[in-house]
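S.K.: With UniProt numbering, letter number 112 in the sequence shown gets 112, and the count goes up by one each step, no holes.
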Amino acid sequence: MPIPPPPPPPPGPPPPPTFNQANTEQPKLSRDEQRNRGALLQDICKGTKLKKVTNSNDRSAPVIEKPKGSSGGYGSGAAALQPKGGLFQGGVPKLRPVGAKDSPAPPPPPPMIRNGARDAPPPPPPYRMHGSEPPNRGKPPPPPSRTPAGPPPPPPPPLRNGHRDSITTVRSFLDDFESKYSFHPVEDFPAPEEYKHFQRIYPSKTNRAARGAPPLPPILR
């Protein structure tokens with residue numbers, strides 16, 4: 001008896017609405033939600049109204065006191081703005097106005113002392129390159145000629161007593177070493193087996209025909 005086919009799968013969920021459909025469809029609100037929404041809009045509309053300002057006071061420009069007289073010039077304005085610290089701690093120096101001709105001339109600068117302790121420092125020495133040398137420098141002197149060497153010094157005399165003492169110490173050490181162990185003579189050991197030559201057979205050198213041909217490599221499709 002044939003097996004009946006399985007039932008078809010259930011249909012899938014509907015696709016989500018697109019962006020255009022979601023914006024065109026109006027949301028459905030209940031009566032309570034509509035009342036709350038209307039009350040919220042009314043509270044927003046009841047906000048305090050801003051007063052209209054007629055007189056504006058622009059404070060963005062810097063506040064600078066104007067000079068009272070024409071002869072004050074820039075000096076009065078500069079004197080009003082005195083920094084608290086820094087370069088001009090005692091106050092900004094007053095400049096002579098352009099129109100004032102009767103004011104005394106400034107004192108002349110002090111004379112320069114040429115010969116004395118206040119002279120300018122001497123100029124630095126000329127810069128030298130690492131590879132350059134002064135032109136007036138002469139060539140290095142040639143190496144001194146080698147004098148013929150004399151006969152070599154005689155070898156030191158052999159140490160007779162020290163040499164004999166070293167030989168005796170080595171012999172005494174060997175005697176002490178052999179006395180600690182007992183060695184058997186060669187005759188006590190059995191004779192080794194007689195050597196017989198025989199031909200060794202290696203599997204890699206056997207007849208290839210007997211083993212058969214190697215398998216073919218796999219064919220790539």
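No residue lacks a Cβ here, since even glycine has one placed at the ideal position from N, Cα and C.
I need the straight-line Cα distance from GLN26 to LEU41, nearest angstrom please.
M.R.: When rounded, the distance between both Cα atoms is 18 Å.
S.K.: Along the chain, where does the alpha helix (DSSP H) containing ARG37 start, and where does it finish?
M.R.: That run of the alpha helix (DSSP H) goes 31-45.
S.K.: Which of the three DSSP states, helix, strand or coil, is assigned to PRO214?
M.R.: In the structure shown, PRO214 sits in coil (DSSP, three-state: anything other than H, G, I, E or B).
S.K.: At the level of alpha carbons, what is the spacing between PRO185 and PHE173?
M.R.: Between PRO185 and PHE173, the C-alpha separation is close to 22 Å.
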